[in-house]
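Undergrad: The numbers in the working numbering rise by one with no breaks, and the one at position 102 of the sequence shown is 103. Positions of the beta carbon are idealized from the N, C-alpha and C atoms, including for glycine.
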Amino acid sequence: MLKNRKISLVVSLLVMISFLLAGCGGQGSNNQQGGGETAEAVITYNLGTEPETLDLAKATGKPEATIQMALYEGLTRLDANNQPIPGMAERWEISDDGLTYTFYLRDAKWSNGDPVTAYDFEYAWIRLLEPATAAEYCYQLFYVKNGEAFNAGEVTADQVGVKALDEKTLQVVLESPTPYFLSLTAFPNLYPVHKATVEADPENWAGAMETLICNGPFMPVNWEHHQKFEMVKNPNYWAADDVKIDRLVFTMVESETTELAMFDAGQIDIAENPPIEEIPRLLSEGTAQLFPDLSVYYYMFNVEKEPFNDPRVRKAFAMAIDRQALIDNVTQASQMPAFAMVPYGIPDAKPGDDFREVGGDYFKEDLEEAKRLLAEAGYPDGKGLPEIKILYNTNEAHQKIAEAIMEMWKKNLGVENISLTNQEWGVYLNSRKTGDYQVARAGWAADYTDAMTFLDMWTTGNGNNQTNWGSPEYDALIREAKMNPDPEARVKAMHDAEAILMEEMPVLPIYFYTNVNMYKPWVKGVVVPMVGGYQEFRWAYVEK
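1. Expressed to the nearest angstrom, what Euclidean distance is found between the alpha-carbon atoms of Arg480 and Leu502?
2. Is Thr61 near Glu131, with beta carbons less than 7 Å apart?
3. Between the stretch 414-424 and the stretch 463-472, are three or more C-beta pairs nearer than 8 Å?
4. Would you call the CB atoms of Asp243 and Ala42 closer than 7 Å?
5. Under 7 Å between the Cβ atoms of Gly533 and Ala441?
6. Give every residue of the same chain whose Cβ lies closer than 7 Å to the Cβ of Pro387, excluding the five residues on either side of it in the sequence, and list them in chain order.
7. Does any residue of chain B bring its CB to less than 7 Å from the CB of Asn518?
8. Out of curiosity, what's the CA-to-CA distance linking Val528 and Tyr73?
9. Among Val156, Glu91 and Ala272, which one has its Cα closest to the Cα of Thr252?
10. Of all the options Thr179, Ser184 and Cys215, which has the alpha carbon lying nearest to the alpha carbon of Thr118?
11. Would you mind listing the beta strand (DSSP E) stretches within the stretch 36-85 that are 3+ residues and don't spill past its ends, in chain order?
12. For the pair the stretch 227-242 and the stretch 261-276, tell me if three or more CB-CB distances fall below 8 Å.
13. Under DSSP, the beta strand (DSSP E) around Pro132 begins and ends at which residues?
14. Could you pull the start and end residues of the beta strand (DSSP E) that Val222 belongs to?
15. Ignore the nearest five residues each way along the sequence and tell me which others in His226's own chain have a CB closer than 7 Å to its CB.
16. Write down the C-beta distance between Val1 and Lys229 rounded to the nearest angstrom, noting that I regard them as a contact closer than 8 Å.
17. Taking only the alpha-carbon atoms, compute the straight-line gap between Tyr102 and Tyr520 and give it to the nearest angstrom.
18. Measuring alpha carbon to alpha carbon, tell me which of Lys169, Glu168 and Val173 ends up nearest Asp159.
19. Check whether the Cβ atoms of Pro275 and Leu283 sit closer than 7 Å, and answer yes or no.
20. Measure the CB-CB distance between Asn237 and Glu231 and report whether it falls below 7 Å.
21. Confirm, please, whether the CB-CB distance from Gln333 to Pro281 is below 7 Å.
22. Consult DSSP for Trp239 and reduce its assignment to one of helix, strand or coil.
23. With Lys1 as the anchor, note down where its alpha helix (DSSP H) starts and where it stops.
24. Name the DSSP beta bridge partners of Glu94, please?
25. For Tyr393, write down the residues that DSSP places opposite it in a beta bridge.
26. Consult DSSP for Trp445 and reduce its assignment to one of helix, strand or coil.
27. Per the contact definition of three or more C-beta pairs closer than 8 Å, is the stretch 190-209 in contact with the stretch 145-158?
28. Are Thr395 and Glu255 close, meaning C-beta to C-beta below 7 Å?
29. To the nearest angstrom, how far is it from the Cα of Arg128 to the Cα of Ala321?
30. Using beta-carbon positions only, say whether Asp317 and Ala371 come within less than 7 Å of one another.
31. Apart from the five residues on each side of it in sequence, which residues of its chain come closer than 6 Å, Cβ to Cβ, to Arg539?
32. Pop quiz: Pro486 and Ser177 are said to be a contact at Cβ under 8 Å. What is the actual Cβ separation, rounded to whole angstroms?
33. Measuring alpha carbon to alpha carbon, tell me which residue in Phe182, Glu155 and Tyr124 is nearest Val163.
34. Enumerate in chain order the residues of its own chain whose CB-to-CB distance from Ala207 is below 7 Å, with the five nearest sequence positions on each side excluded.
35. Closest to Leu392 by CA distance: which of Ala326, Trp426 and Pro203 is it?
36. Would Val343 and Arg357 qualify as a contact pair, given that the criterion is a beta-carbon distance under 7 Å?
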């Protein structure tokens, strides 16, 4: 999943961390009021930006997923140990060959009182795969029989391996055994949608609070665009009695300095993006905490634009960044330098082995080699290079990182004509999608604990591959890794694919994230997963 705004990264293989938060003062108070009444339990969290879209088929970023996980629920939900547990499906059966999953849905309702049915899931999944939807995340259903073929227009919808057998039974047939499939069914893009609402306004249904018919623990009550998004407990949620928060308030403050001031003033209860110069102090005081995060911070090249249409130039720029200096002096949150795409914390084929430790580093910081490659490409000492522009989404940390990298490229490669461009989140995402950039910052958080989540997005034509790069050999290795049931063979194929990715260098890994989060002491039960890095409020509560 696309990361939007944080300075974060992986320390160890802890799975999901449940952070005990507590009863909110101010907005999040459960103080006794006059007459013995108990005030609302409210948590105020800074989302940091207006979501680009809340359409479940089209959303790609962390801000969107954070809201969607509060509003919706899939067949499964991930618990505090990162394991799939029953969600809308109260149970399931898996065939002996690992290809057929039969989900049995519980009695559940949409927020408007309509029943949630297996047909809602079938409709949502087919919609995600529809070529006309143009969903960047459609490939998450390529594991389903004929999912990719339908997306390519080669078969019809009724040939796709997802079928509602009746209102309470959903049958899914896969192309090949997929050990992490149950985790995928907890992913926002695979949530059900309310068919009548979507069909009434296919393009705009997710843009207004009134038409966000949901099936999760919370429901929307107020959406002031670019300012805040408010939710209350959904009384029709199947486990409403277990939901302890009455109201969630998500603010949309982009400035890290303002966010910290609001946290200090008690205006928000959770902040996860403190100014990087404040991180050492906040950590030492215990105000902020580090959380492991299966994510990578990287720059992506548009390989159709000079000078980055030459892999030698891309590799030269990758080798000319002092990652440890960047971490020590700029990000300051114990991130780990990244010399590959897949972070630490992902299992390899052999139990107990780590994919990154087995694969090792694919390149190193080497100024002499970087200069040699640049000269070989026709740019000795940086002479002749066209203007270079680094694109990032508006954020103080991304700006400081870009400034530091810009200076390194100037000093180490002789790049003279280089500048920075920042854009608001939605505009920035569109610039990436349309290829209107040379170099752009990006981040990716694991959608599940398998190396595939960091690798299949770079196949030719994938909606999340916005570099214009493609490799038939790479595509074949990813296809083999998805289809081969032998664990050692599939993991070897992924290592081989990552080697190609790092040799061609359409993406430039910089560091593996850690999450730096701040919580008021009254907030409890919020789950911070290594997968996704979002805030999960399903089990949250406040306590004095």
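TA: A quick look at the data gives this:
1. To locate residue 480, count along the sequence shown from 1; it is residue 479. To locate residue 502, count along the sequence shown from 1; it is residue 501. Their Cα atoms are separated by approximately 15 Å.
2. Along the sequence shown, one-based indexing puts residue 61 at 60. Along the sequence shown, one-based indexing puts residue 131 at 130. No, the Cβ-Cβ distance between Thr61 and Glu131 is not below 7 Å.
3. no
4. Working through the sequence shown from its first residue, we reach residue 243 at position 242. Working through the sequence shown from its first residue, we reach residue 42 at position 41. No, they are not a contact pair.
5. The count along the sequence shown starts at 1 and reaches residue 533 at position 532. The count along the sequence shown starts at 1 and reaches residue 441 at position 440. No, the pair does not count as a contact, with Cβ atoms beyond the cut-off.
6. In the sequence shown, the residue the question calls residue 387 occupies position 386. Closer than 7 Å at Cβ, skipping near neighbours: Glu307 and Pro308.
7. The structure shown contains no chain B; it is built from a single protein chain.
8. For the purposes of this step, residue 528 is taken as residue 527 along the sequence shown, with counting starting at 1. For the purposes of this step, residue 73 is taken as residue 72 along the sequence shown, with counting starting at 1. So the two alpha carbons sit approximately 16 Å from each other.
9. Counting from one through the sequence shown, the residue named residue 252 turns up at place 251. If we check each option's Cα against that of Thr252, Ala272 comes out closest.
10. Looking up residue 118 in the sequence shown gives position 117. It is Cys215 whose Cα lies nearest to the Cα of Thr118.
11. 43-47 and 77-79
12. no
13. Here residue 132 refers to the residue found at position 131 of the sequence shown. Element bounds for Pro132: n/a, residue is neither H nor E.
14. By one-based count along the sequence shown, residue 222 stands at place 221. It spans Phe219 to Glu225 - the beta strand (DSSP E) in which Val222 sits, taken as one unbroken run.
15. The residue labelled residue 226 in the question sits at position 225 within the sequence shown. Excluding residues within five positions, the ones whose Cβ falls inside 7 Å are Glu51.
16. The requested residue 1 is not part of the displayed model; the chain covers only 2 to 545.
17. Looking up residue 102 in the sequence shown gives position 101. Looking up residue 520 in the sequence shown gives position 519. Those two C-alpha atoms are separated by around 39 Å.
18. Position 158 of the sequence shown, counted from the start, is the residue given in the question as residue 159. Closest option to Asp159, Cα to Cα, is Val173.
19. Residue mapping note: residue 275 aligns to position 274 of the sequence shown, counting from 1. Residue mapping note: residue 283 aligns to position 282 of the sequence shown, counting from 1. Cβ distance < 7 Å, so Pro275 and Leu283 count as in contact.
20. The residue you call residue 237 lines up with position 236 of the sequence shown. The residue you call residue 231 lines up with position 230 of the sequence shown. Not closer than 7 Å, so no.
21. Mapped onto the sequence shown, residue 281 falls at position 280. Mapped onto the sequence shown, residue 333 falls at position 332. Yes, they are a contact pair.
22. The residue given as residue 239 occupies position 238 in the sequence shown. If DSSP states are grouped into helix, strand and coil, Trp239 belongs with coil.
23. Residue 1 lies beyond the stretch modelled for the chain, which goes from 2 to 545, so this question has no answer here.
24. As a working mapping, residue 94 is identified with position 93 in the sequence shown. In the DSSP output, where bridge partners are listed per residue, Glu94 has Thr103.
25. Taking the sequence shown and counting its residues from 1, one reaches residue 393 at position 392. BP columns for Tyr393 point to Asn423.
26. Along the sequence shown, read from residue 1 onward, the residue named residue 445 stands at position 444. Three-state DSSP puts Trp445 in a strand.
27. no
28. Your numbering for residue 395 matches position 394 in the sequence shown. Your numbering for residue 255 matches position 254 in the sequence shown. Closer than 7 Å, so yes.
29. As a first step, residue 128 must be located in the sequence shown, where it is residue number 127. As a first step, residue 321 must be located in the sequence shown, where it is residue number 320. Whole-angstrom Cα-Cα distance: 44 Å.
30. Start at 1 with the first residue of the sequence shown, and residue 317 comes out as number 316. Start at 1 with the first residue of the sequence shown, and residue 371 comes out as number 370. In the sequence on display, residue 317 carries Ala and not Asp. Result yes, Cβ atoms of Ala317 and Ala371 sit closer than 7 Å.
31. In the sequence shown, residue 539 corresponds to position 538, counting from 1. Correct list, in chain order: Pro218.
32. Counting from one through the sequence shown, the residue named residue 486 turns up at place 485. Counting from one through the sequence shown, the residue named residue 177 turns up at place 176. With a Cβ gap of about 6 Å, Pro486 and Ser177 count as contacting.
33. Here residue 163 corresponds to residue number 162 of the sequence shown, with the count starting at 1. Residue Tyr124 is the option with its Cα nearest to Val163.
34. Indexing the sequence shown from 1 puts residue 207 at position 206. Around Ala207: Thr54, Leu55, Asp56 and Leu213.
35. One-based indexing of the sequence shown puts residue 392 at position 391. The shortest C-alpha separation from Leu392 is found at Trp426.
36. Looking up residue 343 in the sequence shown gives position 342. Looking up residue 357 in the sequence shown gives position 356. Yes, the Cβ-Cβ distance between Val343 and Arg357 is below 7 Å.
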